[in-house]
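Novice: Residue numbers (this note's numbering), protein chains in the order written: chain Z, 2 to 111; chain X, 5 to 119.
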Amino acid sequence: SQQGEEDPQALSIQEGENATMNCSYKTSINNLQWYRQNSGRGLVHLILIRSNEREKHSGRLRVTLDTSKKSSSLLITASRAADTASYFCATWGNTGKLIFGQGTTLQVKP
Amino acid sequence: GAGVSQSPSNKVTEKGKDVELRCDPISGHTALYWYRQSLGQGLEFLIYFQGNSAPDKSGLPSDRFSAERTGGSVSTLTIQRTQQEDSAVYLCASSPRDRARHEQFFGPGTRLTVL
């Protein structure tokens, strides 16, 4: 079964607004990663946060991790139409493989 | 440099036929993963190759699915006697050995449709 659960499943915002996506997981992790997928094809790695980190920034992206709640959030600030995509969290734990969530579909309207 | 490539990009087949999907990882990447993504769903792990070690086949859904990796590079995923529920996008990813836990590099996927 999938490790990660994401919400919302779908999000629609106006360009310039912020988008927040959440991810929850079930078992202990080494790190948590976020990926973006355009048009149902290949995924692109966005950012990684280690289990001993609480917050990380990369450009317009901000990721938080709360290991006590087994949850993470991805914030995209000042969204652009080009940010329209599906976003997936993935956890790396003791299984030696990445376990992906179901994803959040983000639509940014120009 | 060249990224992960997959072929074909689209495959339409009839129920009961066998299909082969190919993945060319980034040169030098020893870790190679296959995933399946059904419509509107997340990625489902299928199989993992790391160098010359025995592959982790724990995600293969049935014995109709098999994969091999020749010479530590190109990988082929074979689905025998395809069923309609096999319709999905099959994604391949690769990583350097010591970076597999940090980032995976994905190919564009093969969209398989079983009629």
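Cβ atoms here follow ideal geometry from the backbone N, Cα and C, with glycine treated the same way.
Between which residues of its own chain and Val78/X is the CB-CB distance below 6 Å, once the five residues before and five after are set aside?
Specialist: Asp28.
Novice: Which bits of chain Z does Leu50/X rub up against, with CB to CB less than 8 Å?
Specialist: The contacting residues do not exist; Leu50/X stays about 10 Å from chain Z at best.
Novice: Would a check of beta-carbon distances place Phe110/X closer than 8 Å to chain Z?
Specialist: It does; some Cβ of chain Z falls within 8 Å.
Novice: For chain X, find out if any of its Cβ atoms is closer than 8 Å to the Cβ of Gln3/Z; answer yes or no.
Specialist: Low local confidence applies: a pLDDT of 43 at Gln3/Z is under 50, so the model's placement there is unreliable, with the coordinate-based value given in what follows. For Gln3/Z, the answer is yes, since a Cβ of chain X falls inside 8 Å of its Cβ.
Novice: According to DSSP, is Arg101/X part of a helix, a strand, or is it coil?
Specialist: Note: Arg101/X maps to helix in three-state DSSP.
Novice: What are the residues in the region 69 to 90 of chain X lying within 7 Å of chain Z by C-beta distance?
Specialist: Under the 7 Å Cβ criterion, the region 69 to 90 of chain X contributes no residue.
Novice: So Asp60/X contacts chain Z; which residues on that side make the cut at Cβ distance below 8 Å?
Specialist: What Asp60/X touches in chain Z: Gly97, Lys98.
Novice: Whole beta strand (DSSP E) runs in the region 68 to 112 of chain X with 3 or more residues, listed along the chain?
Specialist: Listed in chain order, the complete beta strand (DSSP E) runs (minimum 3 residues) inside the region 68 to 112 of chain X are 69 to 73, 79 to 83, 92 to 99.
Novice: According to DSSP, what are the bridge partners of Glu56/Z?
Specialist: In DSSP, Glu56/Z forms a bridge with Thr65/Z.
Novice: What does Leu64/X reach in chain Z if we use C-beta pairs closer than 7 Å?
Specialist: Near Leu64/X there are no residues of chain Z at all, since even the closest Cβ is about 13 Å away, more than 7 Å.
Novice: Opposite Thr105/Z in the DSSP bridges: which residues?
Specialist: Its beta-bridge partners are Tyr88/Z.
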